[in-house]
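First residue of the sequence shown? That's 1 in this note's numbering, and the numbers climb one at a time after it. Each residue gets a CB set at the ideal place from its N, CA and C atoms; glycine is no exception. Computed from a predicted model, the values in this text were never measured in an experiment. What follows is a short report on a single structure.
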Amino acid sequence: MREDVEAALETVRPMLIADGGNVELVDIEDGVVKVRLVGSCVSCSSSTMTLKMGIEKALKKAVPMVRCVEAVE
Numbered sequence: 001m002r003e004d005v006e007a008a009l010e011t012v013r014p015m016l017i018a019d020g021g022n023v024e025l026v027d028i029e030d031g032v033v034k035v036r037l038v039g040s041c042v043s044c045s046s047s048t049m050t051l052k053m054g055i056e057k058a059l060k061k062a063v064p065m066v067r068c069v070e071a072v073e
């Protein structure tokens, strides 16, 4: 599952990198994917929207076992 999640994250990274940010996979527990937003994503006012509507949506589509995505420090 970790490899599938990493592959799915690669599909959203170009969008994040274009805006000066990125995302790192931290852990996966019972379908909950924990990620760390880095770069400009940390202070962006739209980071919650990016997390849920961008990253989570892409991961759920690519890896049906993903229940949700959470940001961690």
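Kindly indicate the opening and closing residues of the alpha helix (DSSP H) around ASP4. 2-18
For GLU56, count neighbouring Cβ atoms within 10 angstroms of its own Cβ and tell me buried if that reaches 16, exposed if not. Buried is the call here.
Residue of LEU9, VAL63, MET1 and GLY20 minimising C-alpha distance to GLY39: GLY20
My understanding is that ALA4 touches ALA62, with C-beta atoms under 8 angstroms, so please give their C-beta distance in whole angstroms. The sequence given here has Asp at residue 4, not Ala. Indeed, because the Cβ distance is near 7 angstroms, the residues count as touching under 8 angstroms.
Under the rule that 16 or more other beta-carbon atoms within 10 Å means buried, what is ALA8, buried or exposed? Its Cβ being crowded by 16 or more others within 10 Å, ALA8 is buried.
May I have the straight-line CA-CA distance separating SER46 from GLU6, to the nearest angstrom? 22 angstroms
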